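So the protein lines, in turn, are chains A and B. Under the numbering used here, the first residue of the first sequence is numbered 1, with each subsequent residue one higher. Under the numbering used here, the first residue of the second sequence is numbered 208, with each subsequent residue one higher.
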Amino acid sequence: MIPRYQKILLALLLIASLGMGIKLWQLRDHAHKSLLAGESTAPTKAPEIAPAEQATLVAANDLDNSLVPQMHSLPLPADPGARARAVLGKLLDLYAAPDSTHPVPGGATSVDQVFLMPVPGARPSNSSAQLAVVNLTGSFAASHPSGLETESLTVLSICATIRANLPNVTEVRFLVDGQQRPTLAGHADLTRTYLTADATPTEGNRP
Amino acid sequence: MKLLFGLAFSLSCTAQQTPTPVPAPQPPPPPTPRFVVVLDAAHGGDDSGAHLDSGQLEKSANLALNIRLRSLLTARGIQVITTRESDISIDLDRRAEVANHANAAVCLSLHASENGSGVHLFASSLAPAQPTRFLAWKTAQSPWITRSLALAGAVNSALTHAGFNVTLGRIPLPGVESMTCPALALEISPQRDSDNTITAEPDNPDYQARVAASIAAAVLEWRSDPTRTEARQP
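Now the structure itself:
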């Protein structure tokens with residue numbers, strides 16, 4: 001003979017089990033619907049084409065070791081990091097062209113990313129100063145010609161081009177495939193922080 | 208007898224103590240400061256540097272120029288210290304240590320490249336600074352920058368006079384920036400004609416010999432420069 005209180009307890013447990021089972025089914029169904037919604041790859045918004053703007057590219061010339069500003073019209077995104085990547089991509093496209101004055105293979109895809117961040121330890125009077133971290137691809141570094149002049153011109157022209165288009169950027173650091181690398185191709189030091197003011201071409205003062 | 212000897216000895220001593228006109232001793236001439244040139248053939252060992260179009264590696268071309276220049280300077284009575292005489296690997300700090308221990312009057316870091324044209328002369332882009340008792344290792348070149356630029360002018364003049372296309376520049380130079388001497392990095396690039404066609408590769412023996420002769424002439428001129436000695440103790 002089963003006591004009455006045990007029958008009540010068993011009934012309560014059965015009711016609780018059924019309730020939990022129903023709740024579990026509802027949660028699973030909800031998660032499945034969320035997953036299906038997230039996997040949707042159909043374009044829902046047309047891509048916006050940035051309007052073409054004038055950009056200054058500071059191009060290098062191996063024959064006279066000079067940096068010369070050139071004006072180019074190209075689509076520039078509003079985001080500063082993407083903007084920096086766009087102008088550097090155009091600069092490296094110039095270098096990859098057959099008639100380049102500073103031949104370097106690779107082109108626009110050689111700039112993987114450009115990160116902008118506040119300069120660490122900047123004075124309050126210069127709080128808008130930014131540090132640009134340029135992440136180059138390993139294939140660009142591997143195929144870059146080796147030499148004091150050619151490597152230095154690449155590094156300095158990147159710094160000068162960033163400064164010409166993003167005046168708030170005062171310092172530039174370089175990464176290759178997201179890692180620090182001693183030199184670009186055996187000569188130009190990539191471990192240091194470059195000051196963009198030092199790279200800017202001035203009359204009678206070559207880099 | 209002993210008394211006579213004693214008397215004679217005391218008389219002779221008295222005679223020796225008598226003041227006689229003696230010409231004042233001439234001060235010794237000031238020692239001629241040592242003039243040491245440090246030649247640093249860049250790269251070496253595992254670090255081969257650039258690959259030249261001739262098939263040679265930059266480290267070998269640098270060493271060849273290093274040996275040519277050392278011979279020319281030694282033949283002119285200049286003491287030369289080299290950072291390497293064979294295909295060995297030396298880090299940048301060790302190269303600067305060699306230069307600094309030598310208390311050199313000229314330090315030249317020798318490079319070769321397939322890019323550009325003629326000879327590239329580079330001084331460090333460090334800002335000139337006043338000498339201090341203790342110098343930071345990474346920027347020890349700062350007090351010598353002015354003299355390094357003057358040395359670049361002398362080498363540029365000699366190379367241009369010899370008909371070479373010379374480009375001058377100031378760039379970050381790890382290693383050289385730890386040297387406490389007038390210091391330059393010198394990079395030989397192909398010799399090109401007006402059509403930009405290569406007429407001599409950087410490892411061409413005749414081309415290297417002509418460049419080395421011009422550099423040696425510049426070093427001799429630098430040695431005779433009366434303001435040069437200021438560079439040794441800025």
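Here a beta-carbon is modelled for each residue, glycine too, at the ideal position from N, C-alpha and C. Remember, it's a predicted structure, so these values are computed and weren't measured experimentally.
| query | Nearest chain A C-beta to B/Glu394 closer than 7 Å, yes or no? | reply | Reading the second sequence from its first residue, position 187 is the one you call residue 394 of chain B. Yes, B/Glu394 counts as interfacial toward chain A.
| task | Buried or exposed for A/Leu9, please, with buried defined as at least 16 other CB atoms from any protein chain shown within 10 angstroms of its CB. | result | To locate residue 9 of chain A, count along the first sequence from 1; it is residue 9. Exposed, because fewer than 16 other Cβ atoms sit within 10 Å of the Cβ of A/Leu9.
| message | What does the alpha-carbon distance come out to for the pair B/Leu276 and B/His308? | response | For the purposes of this step, residue 276 of chain B is identified with residue 69 of the second sequence, where counting begins at 1. For the purposes of this step, residue 308 of chain B is identified with residue 101 of the second sequence, where counting begins at 1. Whole-angstrom Cα-Cα distance: 21 Å.
| query | Which value, in whole angstroms, describes the spacing of the CA atoms of B/His318 and B/Arg241? | reply | Taking the second sequence and counting its residues from 1, one reaches residue 318 of chain B at position 111. Taking the second sequence and counting its residues from 1, one reaches residue 241 of chain B at position 34. CA-CA distance, B/His318 to B/Arg241, rounds to 26 Å.
| said: Can you give me the C-alpha to C-alpha distance between A/Ala55 and B/Asp254, rounded to a whole angstrom? | reply: On the first sequence, residue 55 of chain A is found 55 positions in, with the first residue counted as 1. On the second sequence, residue 254 of chain B is found 47 positions in, with the first residue counted as 1. Whole-angstrom Cα-Cα distance: 39 Å.
| request: Go ahead and pull the three-state DSSP assignment for B/Ile274. | output: Here residue 274 of chain B corresponds to residue number 67 of the second sequence, with the count starting at 1. Correct three-state label for B/Ile274: helix.
| said: Classify A/Leu14: buried if its beta carbon has 16 or more other beta carbons within 10 angstroms, exposed otherwise. | reply: Here the question's residue 14 of chain A lines up with position 14 in the first sequence. A/Leu14 should be labelled exposed.
| request: List the whole-angstrom C-beta distance separating A/Thr183 from A/Asp189, where the pair is believed to meet the contact cut-off of C-beta under 8 Å. | output: Numbered from its first residue, the first sequence carries residue 183 of chain A at position 183. Numbered from its first residue, the first sequence carries residue 189 of chain A at position 189. Yes, they are in contact, since the Cβ atoms of A/Thr183 and A/Asp189 sit about 6 Å apart, within 8 Å.
| task | May I ask you to list the residues that DSSP assigns as paired with A/Ser66? | result | Residue 66 of chain A sits at position 66 when you count from the first residue of the first sequence. Answer is A/Asn61, bridged to A/Ser66.
| said: Please return the same chain residues whose Cβ sits closer than 7 Å to the Cβ of B/Asp400, not counting the five positions on each side in sequence. | reply: What you label residue 400 of chain B is simply residue 193 of the second sequence in a count that begins at 1. Thr406, listed in sequence order.
| Just how far apart, CA to CA, sit A/Val172 and A/Val155? | Your numbering for residue 172 of chain A matches position 172 in the first sequence. Your numbering for residue 155 of chain A matches position 155 in the first sequence. Going by the C-alpha atoms only, they are around 10 Å apart.
| task | Report the rounded CA-to-CA distance for B/Arg430 versus B/Thr353, giving the unit in angstroms. | result | Position 223 of the second sequence, counting from 1, holds the residue named residue 430 of chain B. Position 146 of the second sequence, counting from 1, holds the residue named residue 353 of chain B. About 16 Å.
| message | Counting C-beta neighbours from all protein chains within 10 Å, is the total for B/Phe212 16 or more, i.e. buried, or is it exposed? | response | Locating residue 212 of chain B in the second sequence gives position 5, where the first residue counts as 1. Legend: pLDDT at B/Phe212 = 48, less than 50; position of this residue unreliable, value from coordinates given subsequently. Residue environment analysis places B/Phe212 among the exposed positions, since fewer than 16 neighbouring C-beta atoms fall within 10 angstroms of its C-beta.
| query | Taking all protein chains shown into account, do 16 or more other C-beta atoms lie within 10 angstroms of the C-beta of A/Ile2, making it buried, or fewer, making it exposed? | reply | As a first step, residue 2 of chain A must be located in the first sequence, where it is residue number 2. Exposed: under 16 other Cβ atoms inside 10 Å.
| Based on Cα-Cα distance, which residue from B/Glu265, B/Ser320, B/Ser261 lies nearest to B/Gly251? | Position 44 of the second sequence, counted from the first residue, corresponds to residue 251 of chain B. Answer by Cα proximity: B/Glu265.
| request: Output, in sequence order along the chain, the residues in the region 139–170 of chain A whose CB is closer than 7 Å to any CB in chain B. | output: Pro145, Ser146, Gly147, Leu148, Glu149, Thr150, Ser152
| query | Name the chain A residues whose beta carbon is nearer than 7 Å to that of B/Glu408? | reply | Numbered from its first residue, the second sequence carries residue 408 of chain B at position 201. Result: empty, since nearest Cβ-Cβ is about 14 Å, beyond 7 Å.
| query | Using 7 Å as the limit for Cβ to Cβ distance, is B/Thr367 near chain A? | reply | Working through the second sequence from its first residue, we reach residue 367 of chain B at position 160. Using a Cβ-Cβ cut-off of 7 Å, B/Thr367 does not count as an interface residue toward chain A, since no Cβ of chain A sits closer than that to its own.
| query | Per the contact definition of three or more C-beta pairs closer than 8 Å, is the region 320–329 of chain B in contact with the region 286–301 of chain B? | reply | no
| With a cut-off of 7 Å, does the C-beta of A/Gly186 fall near any C-beta of chain B? | Your numbering for residue 186 of chain A matches position 186 in the first sequence. Yes, contact with chain B.
| field | Contact test: A/Ala11 Cβ vs the ligand ADP heavy atom, cutoff 6 Å | value | The ligand ADP is absent from the structure shown, which contains no ligands of any kind.
| said: Can you tell me whether A/Pro98 is buried or exposed? The criterion is at least 16 other CB atoms within 10 Å of its CB, across all chains shown. | reply: Sequence index remark: in the first sequence, residue 98 of chain A carries index 98 (1-based). Its Cβ having fewer than 16 others within 10 Å, A/Pro98 is exposed.
| task | Give the secondary structure of B/Glu384 by DSSP, where H, G and I count as helix, E and B as strand, and everything else as coil. | result | Mapped onto the second sequence, residue 384 of chain B falls at position 177. It is helical.
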